[in-house]
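Just below is one structure, and these are the notes that go with it.
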Amino acid sequence: MNSIFGEVISNEFTGLQVKRGGTYGGKKFGKNSPDSTYIDAGLYPIMGDTPSYDSSIERLNTPVYAVEFEHITRTYAVIPLTQEALLEMVERLVQKMLDDTAIQSGYDSIMSACTYATSTGSFGVEGQKFVNWRDAVWTHLNVLQSDIASGATVAPTLEELMAGLPAYPAT
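Each residue of the sequence shown is one higher than the last, beginning at 2 in this note's numbering.
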C-alpha cells in the first residue's frame, strides 16, 4: 500500500498531496483504505523513490511528476554541485574546524584565540600558535585550489581534503 497520494484533475497533478489516513475534500480516509478508494476520489498514488546521492558533492533537483495510468511517477535528477558551491561548502567546513578547535581550548572562536597573539606570557604563545595554524590551514587550502585549477592535482574527496589539512598546533 502506498503512503502518499496526489490530487489529479484533468489528468494533471495539482501538487496537492495527501498522506494515507488523511482528509481530502471533507472525506477522512482510513489508514487501511485500499488505494482504489483514493483513486476513486481523484487521488493517485505517488510512486518513485528518492535516489541515493553523495550530499557532499551532489544535490537533488526539484522532483518532476508525471501522471500515468492511475498513479503519479515522481523522479529526481542527481546534479553535481557547482565548483562555486563546493568551494563555499569547503570554506564553511574548514572555518568550523578552526572555530571548533579554538572552542575546545576555551576560546569563543579562532578569531578570538588569534587576538591573544599580542598578549604576554602563555596567552601570547598560545594565541600565536593559533595564528600560525590558521595561516597554515588557509595557505594549504589556497595552494590546493590553485593546483586543482591548473590541473597539477586531482581534487581530493572531502574526507581526504579535511584529513590533509595541517593539524593544530602548527609550528
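For every residue, glycine included, the Cβ atom is placed at its ideal position computed from N, Cα and C. None of these values were measured; they are calculated from a predicted model.
query: Using the rule of at least 16 other Cβ atoms within 10 Å of the residue's Cβ for burial, across every protein chain shown, is E71 buried or exposed?
result: Here residue 71 corresponds to residue number 70 of the sequence shown, with the count starting at 1. It is exposed - the Cβ of E71 has fewer than 16 other Cβ atoms within 10 Å.
message: Using C-beta distances below 7 angstroms, list every residue in its chain close to R135, excluding the 5 sequence neighbours before and after it, in chain order.
response: Taking the sequence shown and counting its residues from 1, one reaches residue 135 at position 134. Excluding positions up to five away in sequence, the list reads L99, I111, C115.
query: Given 8 angstroms as the limit, is there contact between the stretch 75-94 and the stretch 47-66, that is, 3 or more CB pairs closer than that?
result: Result yes; three or more Cβ-Cβ pairs closer than 8 angstroms.
- prompt: Taking C-beta to C-beta, are G107 and A118 nearer than 8 angstroms?
  reply: Along the sequence shown, one-based indexing puts residue 107 at 106. Along the sequence shown, one-based indexing puts residue 118 at 117. The answer is no: Cβ separation not under 8 angstroms.
- prompt: Should T102 go down as buried or exposed, given a rule of 16 or more other Cβ atoms within 10 Å for buried?
  reply: Walking along the sequence shown from the start, residue 102 turns up at place 101. By the beta-carbon neighbour count (other beta carbons within 10 angstroms, threshold 16), T102 is buried.
task: Indicate whether I5 and K29 have their beta-carbon atoms separated by less than 8 angstroms.
output: To locate residue 5, count along the sequence shown from 1; it is residue 4. To locate residue 29, count along the sequence shown from 1; it is residue 28. No; because the gap between Cβ atoms is not below 8 angstroms, this pair is not in contact.
message: I'd like to know whether the C-beta atoms of V138 and L166 end up nearer to each other than 8 angstroms.
response: Within the sequence shown, numbered from 1, the residue matching residue 138 stands at position 137. Within the sequence shown, numbered from 1, the residue matching residue 166 stands at position 165. Yes, they are a contact pair.
message: So, does the stretch 51-58 touch the stretch 27-42, judging by three or more C-beta pairs under 8 angstroms?
response: Contact between the stretch 51-58 and the stretch 27-42 is absent: fewer than three C-beta pairs spanning the two stretches fall below 8 angstroms.
N- and C-terminal bounds of the alpha helix (DSSP H) containing G128: What you label residue 128 is simply residue 127 of the sequence shown in a count that begins at 1. Unbroken alpha helix (DSSP H) run through G128: 122-151.
message: Tell me whether S4, by its Cβ, gets closer than 7 angstroms to a heavy atom of the ligand MG.
response: This structure simply doesn't include the ligand MG, nor any ligand for that matter.
- prompt: What residue from A156, Y169, T63 has the CA that sits closest to L87's CA?
  reply: Counted from its first residue, the sequence shown places residue 87 at position 86. Nearest C-alpha to L87: A156.
task: Spatial neighbours of E13 within its chain, please: CB distance less than 7 angstroms, with the 5 preceding and 5 following residues excluded, ordered by chain position.
output: For the purposes of this step, residue 13 is taken as residue 12 along the sequence shown, with counting starting at 1. V68.
query: Excluding five sequence neighbours on each side, which residues of the same chain lie with their C-beta closer than 7 angstroms to the C-beta of D148?
result: Position 147 of the sequence shown holds residue 148. Cβ neighbours of D148 beyond the five flanking positions: T154.
task: Could you tell me whether the Cβ of S4 comes closer than 8 angstroms to any Cβ of chain C?
output: The structure shown contains no chain C, having only a single protein chain.
query: Distance, Cα to Cα, R60 vs A42?
result: Along the sequence shown, read from residue 1 onward, the residue named residue 60 stands at position 59. Along the sequence shown, read from residue 1 onward, the residue named residue 42 stands at position 41. Taking the straight line from one Cα to the other gives about 35 angstroms.
- request: May I have a chain-ordered list of the beta strand (DSSP E) segments no shorter than 3 residues that lie completely inside the stretch 9-34?
  value: 13-20
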